[in-house]
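The next block holds one structure in the form of structure tokens; read it before the comments.
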Amino acid sequence: MAEEIKKKGAEITHDKVHVWPYLVRLEFLCSILVVVGLTAWSIVIDAPLEEAANPTKTPNPSKAPWYFLGLQDILVYFDPWFAGVVAPVLIIVGLMLIPYLDVNPKGNGYYTYTERKTAIWVYSFGFLVLWIALIIMGVFLRGPGWNLFMPWQYWDPHKVVALTSVDLPYAFGVRDYWMACLFGGVVVLGYFAVGTAAYMFLERKAIKSVGIVRMLIKVNLYLIMIGIVVKIVLRLGFNIKYIWVTPWFNV
Amino acid sequence: MANKTQGIPGITDLIDKIKSGEIWKELAKAVTDSQIWTSSFRHGYADTPRNRVLQIASNVWLHLHPVKISRHALRIRFTWCMGGITFLLFLSTVVTGIILMFYYRPVGEYAYFDMKYLQYDVPFGMLMRNMHRWAAHSMVITVWLHMFRVFLSGSYKPPREFNWVIGVFLVTFTLLLSFTGYLLPWDQLAMWAVTVGTNMARATPFLGHEGPFAEFVGVSQRYDARSVLIGGSIVGPPALLRFYVLHCIFIPLVAGALMIVHFWRIRKDGGISGPL
Ligand code: HEM
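If you read the sequences in order, they're chains W and C. Numbering follows our numbering, in which position 123 of the first sequence is assigned residue number 222; successive positions increment by one, without gaps. Numbering follows our numbering, in which position 87 of the second sequence is assigned residue number 689; successive positions increment by one, without gaps.
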């Protein structure tokens, strides 16, 4: 370790420059540009101020601040305990775990796609699609009743959308409540069990170098992320409301 | 002429100095040698390697920088400048926010009208409000971009894992700062956006009255995770006060402290990452 640091130090020092003036002047220039830009923007565009708060007058649609609209959109497909509480916690914890789960030593401190394809795909998908794309959709396409409207469509507050979705066990012909509960549980837990097993099998050579705990956490975070997409597809494509209905929570 | 001035001692000398410009050098020397000057500025300004180092190391505002960095850390194509811009935007919201605090009262009866007053009567009030809001929104975007670049350049890999974790706290606090500020104008937009947001807390497993397993804990609408957050069962004046305190005191202090740790760690982890 000591040697490693020494080597690193030697490598880094070979082309060093003084922070004053080389970095400070860049920071100064950048600050001027940003402050000028911010001032110009603030002169031209006013911050919104609507009528005074009125608890008896609920606007339709009621939207969270734009940066949370991805989560609000997930509410269409999941109950609030997941979309509003568990998903954000998983995002935060999952992000914190990234450096400890990604043990690929390559691509440390430089841009590369070829040396870490999976990592780049997973992060970009999560950030650009599940976070940014959903925000854009939430800001521009979600209208009254949280229905989807194309930009050229009139936001009709009385738009009627048929609620025809059913739960997954029902779609498979299971009518008894407890049987349906069991069926849903088997599907959800089975998804994670089979997914984990399949991944561990495919990556069996890497288990030793990655470590079993690491790999288990990683694959299950992947499965949750994929599961969210699966649920969206099931709802939009197959009108499935819940997969697993229990007396305590629904998934 | 010569006769008249000869009576004042040293005057010809002085005139010569003024004529030759020598006087300025002497004046400058007198100023820079004075006790006031030498106690304020601890090194010269001449562009010497020693002064370049001291300029950073002996300046409280600059000393979180290392005195030297590797050349590639200057490349905007590498850092996208996003961490620095995020910090600058944070500072802008601190400055404009303090100005807004002189005029704004977080009370149900006053808050909205203080906003109107700021916009229509306070000199530059509208500008301060705009700058505060747009800087806050921009900060959310730049912090995401910063995070994206840190991911793409693999800069969270050893030895920078811990700084990435601090970063995740920072992005969370950035969002919370923005969210708590969103309520303060006390208009329809504010109240309902925060209602939608805080309604989620009702569904917290175990701790929200509509959440899974709440029945085993015994929380109620008036006493659960959400009511603790907003001080009641609807977003009313107590929520406004709570969000104000969180927004102006608690979160900025925590976020500011974390930023200092973040910058410190960049240095301790060997400066901006780069190909080894
Ligand atoms: C308020 C928010 C933040 C501020 C003000 C901030 C500021 C900075 C600054 C000024 C740098 C220097 C290099 C650069 O500009 O890219 C930096 C580097 C870094 N930041 Fe942040 N940051 C913030 C949030 C984050 C977040 C959300 C993450 C990740 C989750 C993060 C992780 C890192 C890491 C790992 C480095 C070292 C990069 C390297 O060595 O190449 N920071 N940060």
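For glycine and all other residues, C-beta sits at the position ideal for the given N, C-alpha and C.
Is there a C-beta anywhere in chain C that falls below 9 Å from the one on residue 262/W?
Chain C, which has no Cβ nearer than 9 Å to the Cβ of residue 262/W, makes this no.
What's the call for residue 637/C, buried or exposed, on a 16-neighbour Cβ count within 10 Å?
Under this definition residue 637/C is an exposed residue.
Examine the ligand HEM and report whether any of its heavy atoms sits within less than 8 Å of the Cβ of residue 125/W.
The answer is no for residue 125/W.
Output the distance between the C-alpha atoms of residue 197/W and residue 171/W, rounded to the nearest integer angstrom.
If you take the alpha carbons of residue 197/W and residue 171/W, they lie about 25 Å apart.
Among the residues of its own chain, which have a CB less than 8 Å from the CB of residue 878/C, if the five just before and after it don't count?
Contacts found: none.
Tell me, please, whether the CB atom of residue 183/W is closer than 9 Å to any CB atom in chain C?
Yes, residue 183/W lies at the interface with chain C (some Cβ there is under 9 Å from its Cβ).
How would you write the range of the alpha helix (DSSP H) that residue 734/C sits in, first residue to last?
Element bounds for residue 734/C: 727-754.
Among 302/W, 307/W, 303/W, 186/W, which one has its Cα closest to the Cα of residue 350/W?
It is 186/W.
CA-CA distance, residue 224/W and residue 754/C?
Cα-Cα distance, rounded: 13 Å.
May I ask you to report which of helix, strand or coil DSSP gives residue 173/W?
If DSSP states are grouped into helix, strand and coil, residue 173/W belongs with the helices.
Using a beta-carbon distance below 9 Å, is residue 280/W in contact with chain C?
Not one chain C Cβ lies under 9 Å of residue 280/W.
Which term fits residue 845/C, buried or exposed, when burial requires 16 or more other beta carbons within 10 angstroms of its beta carbon?
Classification of residue 845/C: buried, given that the 10 Å Cβ count is 16 or more.
Select from 208/W, 181/W, 221/W the residue whose C-alpha is nearest the C-alpha of residue 200/W.
Ranking the options by Cα distance to residue 200/W, first place goes to 221/W.
Quick one: Cα of residue 641/C to Cα of residue 649/C, how far?
For residue 641/C and residue 649/C, the distance between alpha carbons rounds to 20 Å.
Using beta carbons (cut-off 9 Å, strictly below), is residue 228/W in contact with chain C?
With 9 Å as the cut-off, residue 228/W does not count as an interface residue toward chain C.
When we look at the beta-carbon of residue 164/W and count the other beta-carbons within 10 Å, is it buried (16 or more) or exposed?
Classification of residue 164/W: buried, given that the 10 Å Cβ count is 16 or more.
When DSSP builds the beta bridges, which residues end up paired with residue 349/W?
Residue 349/W is bridged to 344/W.
My guess is that residue 810/C and residue 827/C are in contact by the Cβ rule of under 8 Å, so how many angstroms apart are they, rounded?
5 Å between Cβ atoms; contact.
Can you tell me the Cα-Cα spacing of residue 267/W and residue 340/W, whole angstroms?
Spanning the two alpha carbons is a distance of roughly 7 Å.
Determine, using beta carbons only, whether residue 732/C and residue 190/W come nearer to each other than 9 Å.
Result no, Cβ atoms of residue 732/C and residue 190/W do not sit closer than 9 Å.
Measuring CB to CB, does residue 122/W end up less than 9 Å from residue 676/C?
For residue 122/W and residue 676/C, yes; Cβs fall inside 9 Å.
Which residue marks the beginning of the alpha helix (DSSP H) containing residue 864/C, and which one marks its end?
Per DSSP, residue 864/C belongs to the alpha helix (DSSP H) from 853-870.
Would a C-beta distance cut-off of 9 Å place residue 832/C and residue 154/W closer than the cut-off?
Result no, Cβ atoms of residue 832/C and residue 154/W do not sit closer than 9 Å.
For the region 105-153 of chain W, which segments carrying the alpha helix (DSSP H) assignment without a break, of at least 4 residues, lie completely within its bounds, in sequence order?
If we require 4 residues or more, the alpha helix (DSSP H) runs fully inside the region 105-153 of chain W come out as 118-143.
Express the C-alpha separation of residue 317/W and residue 308/W in angstroms, rounding to a whole number.
Those two C-alpha atoms are separated by around 14 Å.
Check the Cβ-Cβ distances between residue 714/C and every residue of chain W, and say whether any is below 9 Å.
Closer than 9 Å: yes.
When the distance is taken between beta carbons, is residue 855/C closer than 9 Å to residue 772/C?
No.
Is any heavy atom in the ligand HEM found nearer than 8 Å to the beta carbon of residue 871/C?
For the ligand HEM, at least one heavy atom lies less than 8 Å from the Cβ of residue 871/C.
Would the beta-carbon of residue 744/C fall within 9 Å of that of residue 687/C?
The answer is yes: Cβ separation under 9 Å.
Pick helix, strand or coil for residue 670/C, following the three-state DSSP scheme.
In this structure, residue 670/C counts as strand in the three-state DSSP scheme.
Can you tell me whether DSSP reads residue 821/C as helix, strand or coil?
Reduced to three states, the DSSP call for residue 821/C is coil.
List the whole-angstrom C-beta distance separating residue 115/W from residue 670/C, where the pair is believed to meet the contact cut-off of C-beta under 8 Å.
That belief holds up - the Cβ atoms of residue 115/W and residue 670/C are roughly 4 Å apart, short of 8 Å.
Would you check if the distance between the CB atom of residue 739/C and the CB atom of residue 702/C is smaller than 9 Å?
No, the pair does not count as a contact, with Cβ atoms beyond the cut-off.
What are the residues of the region 235-261 of chain W that lie near chain C, defined by any Cβ-Cβ distance shorter than 9 Å?
Hits within the stretch: zero.
Is the closest heavy atom of the ligand HEM to the C-beta of residue 748/C under 8 Å?
Yes, the ligand HEM has a heavy atom inside 8 Å of this Cβ.
Looking at the C-beta of residue 780/C, does it have a partner C-beta in chain W at a distance below 9 Å?
Chain W contact via Cβ: present.
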